[in-house]
Amino acid sequence: MTIRNALRDHGQRYRPRMACLKKAEKVLLEMQDPCTGVKSQPQRLVITIIPHAITGEDIIAWLADRFQIDAQEARSFGSMLVALGYIYPLQDHKRLVIKPDASLYRFQTPYFWPTQQWPVEDTDYAIYLAKRNIRKKGILELHEQEQYNHLHKWMNHKWDFVVMQAKEQYRAAKERKKPDRVVFDCQERAYWVVHRPPPGTVSAMDYGLDRRTDPNTDETQTPDYYERIMIFTQQSIMRPRVKSSVSIGALVKYSATYSGHDPFLSKCLPSNPWLTDDTTYWTLNMSNVEIPTKMRVERWTFSFKELLSDPRGRDDFRLFLKKEFSGENLAFWEGCEDLKWGTAVAMREKAEQIYKTFLARGAPRWINIDGKTMEITVKGLKHPHRYVLDAAQTHIYMLMKKDSYGRYLKSPVFKETLKKAICPEEHKFNEVQLEQNARNRRPSLSPIIIRQQEQEQRAKMAANAPVDITQLCRFTTPVPHLAVYTGIPDPPSVTASPSLPFLAHTPVCPSPISVALDSTSASERRMEASDGEGNTEVRAPEGGNLSKSRMALSLRRLLKRGCSPSTMFASLSPKCHTAATTSSRIQPITPDEASQAPPRRIGNFFQIKVDIPPECRIYPIESEDEDEENRPASRDAVGTEEIICPWESLTRQNGTG
Amino acid sequence: MPLVNNKVGDDCTASGDKALADGKALVDSLIKVVACYRHLASCVGGCTDSLQLRDELRQTREKAQNLAGDICHHLTSHLRDKSLPDGQRKEMELLWVAFSSCLELLHVDMCKVLNISGIVSLADSASLVHTGLEGGCSDVAARALSLPDLNQAQTDSLPSGLESQERSTMELEISQIDRMIDDMEMKVNVLRWMVEPHGPQYADPLSSTDSVSMAVQSIDEEQQAPTSQPLCQRSHIFVLLLLVGVFFVAATLSLCIFFFS
Numbered sequence: 001m002t003i004r005n006a007l008r009d010h011g012q013r014y015r016p017r018m019a020c021l022k023k024a025e026k027v028l029l030e031m032q033d034p035c036t037g038v039k040s041q042p043q044r045l046v047i048t049i050i051p052h053a054i055t056g057e058d059i060i061a062w063l064a065d066r067f068q069i070d071a072q073e074a075r076s077f078g079s080m081l082v083a084l085g086y087i088y089p090l091q092d093h094k095r096l097v098i099k100p101d102a103s104l105y106r107f108q109t110p111y112f113w114p115t116q117q118w119p120v121e122d123t124d125y126a127i128y129l130a131k132r133n134i135r136k137k138g139i140l141e142l143h144e145q146e147q148y149n150h151l152h153k154w155m156n157h158k159w160d161f162v163v164m165q166a167k168e169q170y171r172a173a174k175e176r177k178k179p180d181r182v183v184f185d186c187q188e189r190a191y192w193v194v195h196r197p198p199p200g201t202v203s204a205m206d207y208g209l210d211r212r213t214d215p216n217t218d219e220t221q222t223p224d225y226y227e228r229i230m231i232f233t234q235q236s237i238m239r240p241r242v243k244s245s246v247s248i249g250a251l252v253k254y255s256a257t258y259s260g261h262d263p264f265l266s267k268c269l270p271s272n273p274w275l276t277d278d279t280t281y282w283t284l285n286m287s288n289v290e291i292p293t294k295m296r297v298e299r300w301t302f303s304f305k306e307l308l309s310d311p312r313g314r315d316d317f318r319l320f321l322k323k324e325f326s327g328e329n330l331a332f333w334e335g336c337e338d339l340k341w342g343t344a345v346a347m348r349e350k351a352e353q354i355y356k357t358f359l360a361r362g363a364p365r366w367i368n369i370d371g372k373t374m375e376i377t378v379k380g381l382k383h384p385h386r387y388v389l390d391a392a393q394t395h396i397y398m399l400m401k402k403d404s405y406g407r408y409l410k411s412p413v414f415k416e417t418l419k420k421a422i423c424p425e426e427h428k429f430n431e432v433q434l435e436q437n438a439r440n441r442r443p444s445l446s447p448i449i450i451r452q453q454e455q456e457q458r459a460k461m462a463a464n465a466p467v468d469i470t471q472l473c474r475f476t477t478p479v480p481h482l483a484v485y486t487g488i489p490d491p492p493s494v495t496a497s498p499s500l501p502f503l504a505h506t507p508v509c510p511s512p513i514s515v516a517l518d519s520t521s522a523s524e525r526r527m528e529a530s531d532g533e534g535n536t537e538v539r540a541p542e543g544g545n546l547s548k549s550r551m552a553l554s555l556r557r558l559l560k561r562g563c564s565p566s567t568m569f570a571s572l573s574p575k576c577h578t579a580a581t582t583s584s585r586i587q588p589i590t591p592d593e594a595s596q597a598p599p600r601r602i603g604n605f606f607q608i609k610v611d612i613p614p615e616c617r618i619y620p621i622e623s624e625d626e627d628e629e630n631r632p633a634s635r636d637a638v639g640t641e642e643i644i645c646p647w648e649s650l651t652r653q654n655g656t657g
Numbered sequence: 001m002p003l004v005n006n007k008v009g010d011d012c013t014a015s016g017d018k019a020l021a022d023g024k025a026l027v028d029s030l031i032k033v034v035a036c037y038r039h040l041a042s043c044v045g046g047c048t049d050s051l052q053l054r055d056e057l058r059q060t061r062e063k064a065q066n067l068a069g070d071i072c073h074h075l076t077s078h079l080r081d082k083s084l085p086d087g088q089r090k091e092m093e094l095l096w097v098a099f100s101s102c103l104e105l106l107h108v109d110m111c112k113v114l115n116i117s118g119i120v121s122l123a124d125s126a127s128l129v130h131t132g133l134e135g136g137c138s139d140v141a142a143r144a145l146s147l148p149d150l151n152q153a154q155t156d157s158l159p160s161g162l163e164s165q166e167r168s169t170m171e172l173e174i175s176q177i178d179r180m181i182d183d184m185e186m187k188v189n190v191l192r193w194m195v196e197p198h199g200p201q202y203a204d205p206l207s208s209t210d211s212v213s214m215a216v217q218s219i220d221e222e223q224q225a226p227t228s229q230p231l232c233q234r235s236h237i238f239v240l241l242l243l244v245g246v247f248f249v250a251a252t253l254s255l256c257i258f259f260f261s
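So the protein sequences, as listed, match chains A and B.
Heads up: the first sequence at position 454 corresponds to 454 in full-length UniProt numbering, and the numbers run straight through without jumps.
Heads up: the second sequence at position 148 corresponds to 148 in full-length UniProt numbering, and the numbers run straight through without jumps.
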């Protein structure tokens, strides 16, 4: 039997089973037993005496005795019974807790017990509020007033009925004796405090989301039902099994390591916000905090995963890697994470970006992965999907874990952080302060704002990001204004530059040669000054200022000179020019006059023979011999470095060329 | 109520008004019965639960169902009548909405009573929850059944099959109400969002505010204001009496002047 719902929708509207309710009912029936239950006393009001009132301390004593638990747990259990609405307080009716003193409580009548099957109807609430208004005008509290107005608006068609029913219920109540009337009023009031709690309080009846299927109906035994059982059991058989000694050992180890850090099992310094309404714990552990707490830093030593999953730990690790000049690993890992968890629209661009920054030959932040992984990755990149970089990411993760992590834990960066970490004092609130805290509760920052802040921070970091000097060979010179980033802000559009914001400043990339010829000395000076960490903002506008015509002019000059690319490179200061070149090639959509890549043979830096058709120019480094051979053969004497994505090369070969 | 089919304006509206008034009276009484049923249902499972209470519940239920059947016929027939003038149709729709809400409330209460009688059995009197109630609800039942007094025969012993029998009858009745609601929805299409109520947003406080009961209730609350309430009313009555006295004195004086002048 269900309560009729005139809407008859077929969505998620069934309340999930709340097993605690049935159990609480059993406990309550035991408690109210006149012989073996909690002993009751009469409540004395002005004129009347109402029986069956029980004191808080009696309830707690009975619970502790019945279940053989200590007083603290009995108190929590009692509070749960009150919060669910099986017992209601007679004084201070809005705070649903058990006080271990002589304050009085009473059992709620079964009609008002919380049920799983039937949701609490708004019509009833409207009738209740109307009744209270009849009794004494203006008695409704602010939130009740608001609710009343809201219900009046959307239940308007029923409003006559609501008012009439309220009047009739009021009149019917008058027929009862006075003490009974008082008791009934208290019962109803307690019921609505539980089911329509005032704002800012936590309701024990919060059950999360509604379910799609009704848990109270029996499932019909259709063939589909049996099929599901069969599939489930088959999968259970096929599951990989682990020896219980191994799995239990792992569980024991986990519990032993983490039990001190669990806010439920052990103390939460300074205090658990859910219990004391004091949010110091959360503010001290925010992700962008300067000085972390000691517990947090200790967690970083548990495993590499812990370190990476904590944003503050990741920052620390990043700092360490910066000092070791291996920051590209972490940046690559983060880029892969971003790809995995990002939107599907941006996936293609992100994959391209990552390839160009980390994987391609001549990439500015080239990561060191083995040939097999590289081959798999690049082959997969032809049809990029979310997990295309998984193999490479795992490799880099393992590399960081086995190598850098160990060194990080012994490094001065970590030691410094550990020394500076704070250990907050435990709060000791008394009752009054707790109530004050409860009153001063404020909502925290909206997640939208937090996300915006994170994005701003990421953009800032991307802008000021360090450039790694990994290999200083002619092929892998770092690109200053293809600066590294730790996350990709949503790319503005497909046609625009898919990479970072400030590349938009350089819509026309100057020829490397022109830049070199004009500002060699300047760039050399700049290079010395920066010492590997480029202030990319300075360079990018420099490059961007040069005009297209100059580039064309200088290119012609170059062609006339017929200088070999190698000598050209030798004369150039390594920093800017490849940058400019590569940046000119980076934008795959914008056609570039001088950018036709000569077809090359596939080289193999690691001297591993691989069968790959010549169209796939994937390997980052060619052996120098092959390069020398190819260069005179190339049609364009520019022969500049070009980071080509495998999928682009295919189209280029077919289309342009 | 016979179907009104003639197109003569006066007759139509007159009989239509009568139909409306009848319908309204029926719905009002159903609302009253449902309100009383709720009060009775709130005692089920508590320490005042007894055979008498169950009997009262049953009688109230029967009355409610009879009324519901009557109203259903009445309203369905009128609302399916296409020739009903617009104003009356609106009124009918209002009554319809009130009737369906009543039925829903009744349905809820019946389901809850069935549920509770499953959890807390009458046979085991120790398990009846001590809720603090003392008196019975026979006055409420009397009000529901519109009888001046309810004469209940006290049955001391609980017949063994009574509970299961009661359960099965209740289940039957609940399914009956279910079907009635279903039928209603099928037969008549009332657009609920088009229905506009007449009444005020706030129910006016009923005139006889029982000062004593209010004092008793307000002591339960923590607010300090209520103790002034009975005094206020006493002062109002006092002022009124004073004015009346002054008026009488003035009247007698004027009479004296009239007679002796």
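No residue lacks a Cβ here, since even glycine has one placed at the ideal position from N, Cα and C.
Note that the structure is predicted; figures quoted are calculated from it, not measured.
Selection from the options that minimises the alpha carbon distance to residue i
i, options, result
"residue 264 of chain B", "B:Gly135, B:Gly245, B:His74 and B:Arg234", "In the structure as shown, chain B begins at 1 and stops at 261. Residue 264 of chain B is therefore absent and cannot be evaluated."
"B:Leu95", "B:Gly135, B:Asp28, B:Val140 and B:Ser175", "B:Asp28"
"A:Ala24", "A:Pro443, A:Phe77 and A:Pro16", "A:Phe77"
"A:Phe184", "A:Ile367, A:Tyr111, A:Pro198 and A:Lys153", "A:Tyr111"
"A:Val202", "A:Asp403, A:Thr276 and A:His150", "A:Thr276"
"A:Gly335", "A:Leu319, A:Glu324, A:Lys323 and A:Lys356", "A:Lys356"
"B:Asn189", "B:Lys82, B:Leu26 and B:Phe238", "B:Lys82"
"A:Gly208", "A:Ile54, A:Gln116, A:Leu45 and A:Phe107", "A:Gln116"
"B:Arg143", "A:Thr301, A:Gly200 and A:Glu175", "A:Glu175"
"A:Thr280", "A:Ile60, A:Arg441 and A:Val432", "A:Arg441"
"A:Phe304", "A:Glu188, A:Met400, A:Leu151 and A:Pro199", "A:Met400"
Contact belief for residue i with residue j at Cβ below 8 Å, rounded distance in angstroms
i, j, result
"residue 305 of chain B", "A:His157", "Since the first and last residues shown for chain B are 1 and 261, residue 305 of chain B lies out of range."
"B:Thr48", "B:Leu133", "5 Å"
"B:Lys63", "B:Leu145", "6 Å"
"B:Thr60", "B:Ala141", "6 Å"
"A:His261", "A:Met295", "6 Å"
"B:Gly16", "B:Gln88", "5 Å"
"B:Leu53", "B:Leu26", "Going by Cβ atoms, the distance from B:Leu53 to B:Leu26 rounds to 26 Å, so no, they are not a contact pair."
Unbroken alpha helix (DSSP H) run spanning residue i, endpoints
i, result
"A:Thr283", "Thr280 to Leu284"
"B:His107", "Asp86 to Ile119"
"A:Phe264", "Counting along the chain, A:Phe264 falls outside any alpha helix (DSSP H), and DSSP gives it neither H nor E."
"B:Leu63", "Before going further, note that residue 63 of chain B is Lys rather than Leu in the sequence given. Looking at the DSSP string, the run of the alpha helix (DSSP H) that includes B:Lys63 is Leu51 to Arg80."
Endpoints, beta strand (DSSP E) assigned at residue i
i, result
"A:Pro89", "Ile87 to Pro89"
"A:His52", "Ile49 to Thr55"
"A:Leu319", "Here A:Leu319 belongs to no beta strand (DSSP E); instead the alpha helix (DSSP H) covers Pro311 to Glu324."
"A:Tyr125", "Per DSSP, A:Tyr125 belongs to no beta strand (DSSP E); it is in the alpha helix (DSSP H), Asp122 to Arg135."
"A:Arg44", "Gln41 to Arg44"
"A:Phe112", "Unbroken run through A:Phe112: none, as it is neither H nor E."
For residue i, the three-state DSSP class (helix, strand or coil)
i, result
"A:Arg228", "helix"
"B:Val129", "strand"
"B:Phe259", "helix"
"B:Arg202", "Looking at the sequence shown, residue 202 of chain B is not Arg but Tyr. If DSSP states are grouped into helix, strand and coil, B:Tyr202 belongs with coil."
"B:Gly46", "strand"
"A:Ser547", "With a pLDDT of 46 at A:Ser547, under the threshold of 50, the modelled position of that residue is not reliable, and the figure given next carries that caveat. Coil, per DSSP."
"A:Ile450", "helix"
"A:Thr293", "strand"
Please specify which runs of the beta strand (DSSP E), each continuous and at least 3 residues long, are wholly inside the UniProt domain "RGS" (303-418) of chain A, giving them in chain order. none
Where are the beta strand (DSSP E) runs, 3 residues long or more, that stay fully inside the stretch 136-217 of chain A, in chain order? none
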